[in-house]
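A.B. asks: Residue numbers (the numbering used here), protein chains in the order written: chain A, 8 to 347; chain B, 8 to 347.
Here a beta-carbon is modelled for each residue, glycine too, at the ideal position from N, C-alpha and C.
Keep in mind the model is a prediction, meaning the values are calculated, not measured.
This structure is in structure tokens; I'll ask about it shortly.
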DNA sequence: CGAAATATGATGTACGTTCGTCAAAACAGC
DNA sequence: GCTGTTTTGACGAACGTACATCATATTTCG
């Protein structure tokens, strides 16, 4: 009582194996009448192609290249680890994944890495995009050579890439504001915002979403201009400390980038720390949640993103559709009590 | 440049294909020296067994049985749908899933359904457990016959089942309290709690966790005794309305069970509605979040639970290890802004 | 009607693994 | 060194699909 095979389909449709194969893979012209008979048989038998056998016979070999920012950014390191991990698992499906790390925030490096890619030897590329004309151009050229490109975490204009794997950062910013706004209560004042760099689309979008909600729903709270800490802890600490010193009415802190060790260091020097929301769940932020130094963490799950990116690339290389829902990455909220 | 195959391993190890096979599948006795040579070769070549080919050759056919409570419970219906959905996807891997719904909370029905299972024709069972001696016994007997058993949503003592797929409800309750406590601000008063039935283990646990956090971190907030609404909307509306009329200092509402349409109906009649937290994301709760009638939803993702249960069963049937992390189900928090 | 064009069938090999059978080799004990 | 046991090798058939080649059947059109 196993599943139906193409043999069964052929038998039921009253045609040969070859014809079923032709219909199934759109190989040569098949007369409409014959095609219908085959398709009817497939429906009647509830035929599903055995993907395992198909890939085995195809002897497909995929090589995907992941371009990730290097440096200390914990999230990116987790993402790198997850991609490697998942690569192992997908190895069974003859998928080979190479991860290359590049200097962070370095558009030139990204651009030249993209240009060095030989379109013939790579079946797909995933990158954390830095949106500059040079990078756009390199991506365009890759795609022109038939290499699918997926953006990870930080996006490019949608016409440039096949797919984006990551969260909607405007909504992430909105979520942060909804949380922080409620956590702050009725007290009026300023919110200090620490960002990485405005060159990154995702950081700009988070700030935008944050302000949207703040001005609409919590007009007594005003976000200060984002501090550009370049994902560096020391810079973040310095800038935030300065700001905290300058303003005596800061009632909340939102850090939308990395370098959070600096943010917490600055908070630690305060007598009473205001409600604080950060991004990304690391061993540090987990500890800060548990110790009550911060109140909430917003994250995108690196494991999901890795999986989603690889699956998307595989699906695209197979010319198949893929479940959007399953591959969607959500905006997760963590408090002390729902840590994974 | 493809991946190494058993042929490569055999060549490098200087043994025959058969011997590699014997080592790989622990078939017959292989002398330790030979086994080592083979294992060294596998390591050297970074050999990974082609699971697709293996399953193809094995002609494995898995049949998993899911026993879920029937009835109106939206969450269970979503879970049922997801299991079916995922079953389709796994069909490619020759996994066949049958879902059987039983009268909800009916230990007798569950027990007899379990006893009717023919261990020979089923490779694994997942069930939403009702913990009674009869059910325990039926589960024990199934496992004794070599059928892996996974509990779903509601657990059994851990020595009885192979694995539990679901959330920790104490922590779910704690999460609710952490959110609601912060949302309520400094105002002192009571929190109204609506439950399904205190006889249900998971509801009791949520209430427990809720109170833990409330008394520890928000002592100015006091949870009223849980209203037993029996997951019925009308009952919930009546009980909650009564309570709201009796107490003029209710500053927050926590509904930890089903029947939330009634809860919201009661809130709707108030002039100013207090912060409200519910469980499970449905089309309704989603609407209430967007319209601002409620403030947060806590959920366990039915899609993840379905996937996780199936994956766990597949992995166990293959005698393979599985990624605990990947299969873990988290306690998710949704606000208006991070809805999926 | 017959030739050319088109559609279909028949057949075989391959993918990487499993599993069975049988023969050959290596080893043990005496 | 012979026998008996254990270990290994050689081979082949399957699993369900892909793909190529060649032969034959069917249609189309002048």
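Report the residue ranges of all alpha helix (DSSP H) runs contained in full by the segment 234 to 272 of chain A; include only those spanning at least 4 residues, in chain order.
C.D. replies: 240 to 253
A.B. asks: Looking only at C-alpha atoms, which of 179/B, 145/B, 182/B, 241/B sits nearest to residue 168/B?
C.D. replies: 145/B
A.B. asks: Given 8 Å as the limit, is there contact between the segment 29 to 40 of chain A and the segment 65 to 74 of chain A, that is, 3 or more CB pairs closer than that?
C.D. replies: They do not touch, by the three-pair rule.
A.B. asks: Which residue wins for smallest C-alpha separation from residue 264/B, given the options 190/B, 196/B, 284/B, 194/B?
C.D. replies: Cα-wise, what sits closest to residue 264/B is 284/B.
A.B. asks: Taking its Cβ as the centre, do 16 or more other Cβ atoms sit within 10 Å of residue 256/B, making it buried, or is it exposed?
C.D. replies: exposed
A.B. asks: Less than 8 Å separating the beta-carbons of residue 312/B and residue 117/B?
C.D. replies: no
A.B. asks: Round the Cβ separation of residue 235/A and residue 205/A to the nearest angstrom and send it over; I've been treating them as touching at under 8 Å.
C.D. replies: 7 Å
A.B. asks: Whole-angstrom Cβ separation of residue 45/A and residue 27/A, contact assumed at under 8 Å?
C.D. replies: 6 Å
A.B. asks: If you reduce the DSSP assignment to three classes, tell me which class residue 198/B lands in.
C.D. replies: strand
A.B. asks: Considering just the uninterrupted stretch of the alpha helix (DSSP H) at residue 293/B, what are its terminal residues?
C.D. replies: 290 to 298
A.B. asks: Can you tell me whether DSSP reads residue 309/A as helix, strand or coil?
C.D. replies: helix
A.B. asks: For residue 184/B, collect the residues of the same chain with a Cβ closer than 6 Å to its Cβ; drop the 5 residues on either side in sequence, then sort them by chain order.
C.D. replies: 217, 220, 221
A.B. asks: Please confirm if residue 60/A has its CB atom under 8 Å from at least one CB of chain B.
C.D. replies: yes
A.B. asks: Would you mind giving the Cβ-Cβ distance between residue 305/A and residue 274/A, rounded to the nearest angstrom? I have them listed as a contact below 8 Å.
C.D. replies: In fact, because the Cβ distance is near 17 Å, the residues do not count as touching under 8 Å.
A.B. asks: Assuming the contact rule is C-beta atoms closer than 8 Å, residue 291/B and residue 276/B should be a hit. Round their C-beta distance to whole Å, please.
C.D. replies: With 8 Å as the limit, residue 291/B and residue 276/B do not qualify as a contact, their Cβ atoms being about 17 Å apart.
A.B. asks: Under 8 Å between C-beta atoms, does residue 32/A make it to chain B?
C.D. replies: Not one chain B Cβ lies under 8 Å of residue 32/A.
A.B. asks: Buried or exposed for residue 179/B, going by 16 or more other Cβ atoms inside 10 Å?
C.D. replies: Its Cβ being crowded by 16 or more others within 10 Å, residue 179/B is buried.
A.B. asks: Can you grab the Cα-Cα spacing for the pair residue 271/B / residue 247/B, in whole Å?
C.D. replies: 10 Å
A.B. asks: Three-state secondary structure (DSSP) at residue 39/A?
C.D. replies: helix
A.B. asks: So is residue 24/B buried or exposed if we call it buried at 16+ other beta carbons inside 10 Å?
C.D. replies: exposed
A.B. asks: Quick check on the DSSP output: what are the complete beta strand (DSSP E) runs of length 3 or more inside the segment 81 to 123 of chain B, in order along the chain?
C.D. replies: 102 to 109
A.B. asks: Rounded to whole angstroms, how far is the Cβ of residue 69/B from the Cβ of residue 125/B, which I believe are closer than 8 Å?
C.D. replies: The beta-carbon separation of residue 69/B and residue 125/B, rounded to 15 Å, does not stay under the 8 Å limit for a contact.
A.B. asks: In angstroms, rounded to a whole number, what distance separates the CA positions of residue 262/A and residue 202/A?
C.D. replies: 6 Å
A.B. asks: Out of 190/B, 119/B, 153/B, 208/B, point me to the one whose CA is closest to residue 174/B's CA.
C.D. replies: 208/B
A.B. asks: On the CB-based measure, 16 or more other CB atoms within 10 Å of its CB, does residue 130/B come out buried or exposed?
C.D. replies: Within 10 angstroms of the beta-carbon of residue 130/B lie 16 or more other beta-carbons, which makes it buried.
A.B. asks: At the level of alpha carbons, what is the spacing between residue 288/A and residue 200/B?
C.D. replies: 31 Å
A.B. asks: Does residue 315/B get closer than 8 Å to chain A when you measure Cβ to Cβ?
C.D. replies: no
A.B. asks: Which residues in the same chain have their Cβ closer than 6 Å to the Cβ of residue 176/B, if we skip the five residues on either side of it in sequence?
C.D. replies: 209, 212, 213
A.B. asks: For chain B, is any of its Cβ atoms less than 8 Å away from the one on residue 292/A?
C.D. replies: no
A.B. asks: Measure the alpha-carbon distance for residue 343/A versus residue 223/B and round it to whole angstroms.
C.D. replies: 14 Å
A.B. asks: Assuming residue 232/B and residue 260/B are in contact, meaning their beta carbons sit under 8 Å apart, how far apart are those beta carbons, in whole angstroms?
C.D. replies: About 14 Å separates the two Cβ atoms, so there is no contact after all.
A.B. asks: Quick check: the Cα distance between residue 198/B and residue 238/B, rounded to an integer number of angstroms?
C.D. replies: 19 Å
A.B. asks: Based on Cα-Cα distance, which residue from 321/B, 340/B, 164/B lies nearest to residue 137/B?
C.D. replies: 164/B
A.B. asks: Answer yes or no: does any C-beta atom of chain B fall closer than 8 Å to that of residue 338/A?
C.D. replies: yes
A.B. asks: Compare the Cα-Cα distances from residue 323/B to each of 298/B, 254/B, 133/B, 123/B and report the closest residue.
C.D. replies: 133/B
A.B. asks: Taking the alpha-carbon of residue 318/B as reference, which of 156/B, 347/B, 294/B has the nearest alpha-carbon?
C.D. replies: 156/B
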